[in-house]
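For reference, the structure discussed in these notes is given below.
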Amino acid sequence: LDLGAPEIIVNNEKRMLQEAVDALFDNGRRGRPVTGPGNRPLKSLSDMLKGKQGRFRQNLLGKRVDYSGRSVIVVGPTLKLHQCGLPKIMALELFKPFVMKKLVDAELAQNIKSAKRMVERKRPQVWDVLEEAIKEHPVLLNRAPTLHRLGIQAFEPVLVEGKAIQIHPLVCTAFNADFDGDQMAVHLPLSAEAQAEARVLMLSANNVLSPADGRPLVTPTQDMIIGGYYLTEQVEGAAGEGRVFRDLGEVERAYEEGHVSLHATITFRGRRADGELVVDEPTTPGRLIFNHALPDPDEALLDADGEPIAVLSYINRRVDKKVMGSIVDALAHGYPKAVVARSLDAVKNLCYRYAAKSGITISVDDVKTPESKAAILEAHEERAQKVEEQFRRGIITDGERRQKEVEIWTGATDEVRREMEAGLRAEQFNPIEMMVGSGARGNMMQVRQIAGMRGLVANPRGDMIPRPIKSNFREGLAMLEYFIATPGARKGLVDTALRTADSGYLTRRLVDVAQELIINDEDPFERAEANGTPVTGVWIEDVVPDTPNKRSYLETKLFSRVLSHDVTLADGTVMAAGTMIREREMETLRDDPDVTRVRVLSPLTDDSSSGVSSMAYGMSLATGRDIEVGEAVGVIAAQSIGEPGTQLTMRTFHTGGVATGGGDIAGGLPRVVELFEARSPKGKATLVRTSGVIRIGEDEGKGRVVTVVADDGTEEVHTIPIQARLAVEDGQEVKAGDEIVPGPRDPKELLEIKGLR
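In terms of the numbering used here, the sequence shown opens at residue 1 and continues consecutively.
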C-alpha cells in the first residue's frame, strides 16, 4: 500500500490474507483445504473443537481419571455373580492410598512416606493389608462402547494372579463382551456415598433384568446351555433304567459308581424340603441333579394375597435355551435377589461341569450331506430348464423368468435343508444337532451352508442372482460359484461398519432430546381434580386373547401401565382407575368378554410441569416394581432404542422373492431413524382414505387404476405404476388407512386419515 502498488495486486494480497485466515479458522470449508506435508489437510481451530477427537468430547466431557486402570479380560468361571477378579498389581496401584493409611494405622510403617516406599517395593506385609483394604469395597467395571446403563456395573474385587481382569461368564451379555482380546476399564468409587451407590444400584447381582424390556440379561449361554442340555437329556434303554431311588445322595452315588447313567429313566420317590411327596415321577438322574440347583419353593417372594408370585415347579424336560430363559425369568421375578444370585451360580457350575463331562467334539464327519441332494437338484434343474425354454419361446417375460427361477431354487434349498435336518435329528447325540438344537451356538442357516447347499445369493445391487450355488462349503465351491458369492459376503462386512457409526449417532441425538425426562411425584388424579379437568389417557385396543393368526401383544402394550378410568368387568366388579396392571390384572382384562379396550395413563398424555409423573410411567421394567421418583427415564428410553440399534441390519437382504417393484422396502435402522425424524419415507405405502370396496381397472400406458367405492357411492381414484405390487384384490373390502401398495407407512398420513383416537 505504501509503495502505491496497483489496485489489482492489493486486492490479490487481501484475498490471499482472507483465505489464509479462513483456513486457520475452518480449513476446507471454502475451496480446497490447505495441505501440509504428504497432502494431509492441516488441522484448523474449529477442527480442534469439533467431533469425537475435538476438545469438547475428548478432554472436557471425557477426561482420564485417577484411580482407574484397564486390562484384557478373561473368564472367571469360579467367581460368584457379584465378584470380579482384579490382578494384584492393579489392585495395589488402585488402592494405594488406602493401603498406605492402613500400613500406618497398623504401625507397620512409621509415616506415610515410608508406607509409600513399602508399597512401591511390594513388601510381603503389603499384600495382607491390601486383602483387607479391598474387602467390602466395590469397583466399577466398564466396557466400551457403553451402549446402555448395564455397560458399567459394580463388582466386589477378588485378588488374582496375572495381569488380566476376570469377569463372571453370566455378565458378558450385558457388557456384550467376549474373550477374544476385549479390554475393560476399572474405576474405584472413593467416597462413602459413591460406594453405597455402587453397592445398591450398580452391583451386578442387582441388575438381573434389562431396563429395556424387563427380560433377564444373565441367562446362561453357549457352553452352559450345552451342559444343561446334555445333563437333562433322556435316553431309552440306558444303564440302570427303571430303578427307584429315595433321595438325591443315592442317585449321585449310583451315578458315580457307574450303576446308573445320567440319561436313564428312573423313578424318584423323595420328600422335598417342604414335606410334599414327589411320587413315581419318571425322570432321569441328570434332571434330579439339575433341579437340585434351583431354589426351594418356600423361598419364593409372596404377593399381597400371600400367594407366591412365580414358582419354579420340578423341571422334567430337556433344558434348552428357551427353557433356560423361562427358568431365569421365573427366578428373577419371583425370588429374592440373594436367592437368584445363588441359584444362577449353582446352575452355572453344574452346567460347566457337565459340559466338560459330555466331551462334546466336532468333526467334519458330523456334518452329513443328505443322500437325496443330487436327486433334488436334478428335479429342480429340469424345472428351471422348462422356464428357460418358455422364456426363449417368448411365452414369459424376463422378469417372470427371474422370479420363477428364484422360486424354484429357493424351494430346492429348503428341501435340501429339510432332508439335512431330518438326517441330523435321527442321531440323538450328534454334536452339531446338540449345538444348534439347544440354542447354544449357530443356526440351521450356517449348518445348511456347510452340509446342504448355499442356495441363492444377492449381487452387489441387492437383487438375487438366479443361478444357485449348488455346492456347500464341505464339498468346496466351483470357481464361478465362488465369485458369485463374493459380493454378498463383502456387503455384510461393509454394512456392519456403517451401521455402528449410524446407530451411535442416533443414540446421541435421542439422549439429547430425552434427557430432561425425570420421574416426579405428582398425582395425575389429584392434579386433574384441582384443575377441574378430566384425566387424559390413551386407548389400548384389542384387549382380547390371542388367536392363531393374530397376536394382541398385551405383554408389551398393556403390561406395567396404570388405568386412567374405571373398567367395569363382566361380573359387575370394577377395576378402579389408578390400578397398576401386572400379570394377574392383565389376564383378567384379556379374558373378560366385556372388555375389548381400556384407557391407561401414558407419558404422552401426562401434563406435569416438568418430567413425567410416576403413575403415567407405570412400572420400572428393570426392577419389576413401581418406578422411583428421580429415575431418568428419558435416558433409559434413549439407550433402550440405541442399544439394539447397533444390531439392526442396515438394509434387509431379500432371500426370497426378487426385489419388488416398489423398490427394496428399507427395514432396520434407516426405518427407525425415519420414524423419529418424522420424514416422509421413500417408496411409502399408498393408503386408502375412505372405507369401501376395491375396483381394479386397466389403464393403457400410465399404469393400473385402483378405485375405492365408498358406501355412499363416492369414488377415490389411485393410479398405480404397472410394476408395483398390489396388496388388495378386486372386490375386496378395505378400511380407511389400509395399504393399496405395501411399503413403509407415513405416520402423518395415517393420522390425517384416521384422525385422533
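Every residue, glycine too, gets a C-beta built ideally from N, C-alpha and C.
Keep in mind that this is a model prediction, so the values were computed, not measured.
Which value, in whole angstroms, describes the spacing of the CA atoms of residue i and residue j?
i	j	result
residue 19	residue 488	46 Å
residue 6	residue 12	10 Å
residue 287	residue 364	31 Å
residue 759	residue 332	No statement about residue 759 is possible, as the shown extent of the chain runs from 1 to 757 and does not include it.
residue 652	residue 494	Residue placement at residue 652 is poorly supported in this model, since its pLDDT is 43, which falls under 50; the coordinates still yield a value, given next. Distance between the alpha carbons of residue 652 and residue 494 is about 14 Å.
residue 234	residue 212	37 Å
residue 566	residue 574	6 Å
residue 60	residue 66	Unreliable placement is indicated for residue 60, whose pLDDT of 45 sits below 50; no coordinate value is reported for it.
residue 550	residue 389	42 Å
residue 315	residue 451	34 Å
residue 657	residue 339	At residue 657, the pLDDT of 32 sits below 50, so the modelled position is not reliable; the number obtained from the coordinates is stated separately. The straight-line gap from Cα to Cα measures roughly 51 Å.
residue 428	residue 471	27 Å
residue 106	residue 136	19 Å
residue 705	residue 510	42 Å
residue 290	residue 250	15 Å
residue 654	residue 410	Bear in mind that the predicted position of residue 654 carries a pLDDT of just 37, short of 50, making it unreliable; the figure below should be weighed with that in mind. Each residue's alpha carbon lies about 12 Å from the other.
residue 508	residue 676	13 Å
residue 448	residue 359	24 Å
residue 368	residue 157	47 Å
residue 622	residue 215	8 Å
Among the options, which one has its Cα closest to the Cα of residue i?
i	options	result
residue 627	691, 396, 562	562
residue 182	158, 70, 211	70
residue 336	609, 608, 296	296
residue 294	327, 720, 283, 318	327
residue 438	125, 320, 325	320
residue 502	464, 641, 453	641
residue 496	669, 224, 150	669
residue 492	525, 457, 156, 520	457
residue 588	608, 564, 554	554
residue 526	360, 472, 583, 608	608
residue 463	403, 292, 146, 443	403
residue 25	552, 442, 43, 14	43
residue 753	690, 485, 704	690
residue 559	624, 680, 522, 568	624
residue 679	535, 614, 704, 749	749
residue 593	577, 572, 612	572
How about residue i and residue j: are their beta carbons less than 9 Å apart?
i	j	result
residue 460	residue 405	no
residue 686	residue 743	yes
residue 154	residue 341	no
residue 538	residue 600	yes
residue 786	residue 172	Only positions 1 to 757 of the chain appear in the structure, and residue 786 is not among them; the question remains open.
residue 141	residue 167	yes
residue 152	residue 73	no
residue 224	residue 348	yes
residue 432	residue 453	no
residue 160	residue 80	no
residue 645	residue 688	no
residue 344	residue 218	yes
residue 734	residue 728	yes
residue 210	residue 170	no
Check the DSSP bridge columns for residue i and list the partner residues they point to.
i	result
residue 324	Answer is none; residue 324 lacks a bridge partner.
residue 70	185
residue 613	520
residue 539	599
residue 84	157
residue 718	706
residue 342	Answer is none; residue 342 lacks a bridge partner.
residue 761	Residue numbering for the chain in the displayed model covers 1 to 757; residue 761 lies beyond these limits and cannot be assessed.
residue 166	74, 85
residue 142	152, 185
residue 245	268
Would the C-beta of residue i count as close to the ligand NAD, meaning under 8 Å from any of its heavy atoms?
i	result
residue 715	The ligand content of the structure shown is nil, which means the ligand NAD is not present either.
Any contact of the segment 84-97 with the segment 175-183, i.e. 3+ C-beta pairs under 8 Å? no
Say whether the segment 117-137 touches the segment 613-623, bearing in mind that this needs 3 or more beta-carbon pairs closer than 8 Å, one atom from each stretch. no
Do the segment 245-254 and the segment 223-234 touch if we need at least three Cβ pairs shorter than 8 Å? no
Count the CB pairs spanning the segment 261-271 and the segment 230-243 that are closer than 8 Å, and state whether there are at least three. yes
Answer yes if the segment 394-408 comes into contact with the segment 421-440, meaning at least three C-beta pairs across the two stretches below 8 Å, and no otherwise. no
May I ask you to verify whether the segment 634-641 touches the segment 505-524, counting CB pairs closer than 8 Å and requiring at least 3? yes
Decide yes or no for the touch test of the segment 601-610 against the segment 467-480: beta carbon pairs closer than 8 Å, at least 3 of them. no
Would you call the segment 407-417 in contact with the segment 367-376, where contact means no fewer than 3 C-beta pairs closer than 8 Å? yes
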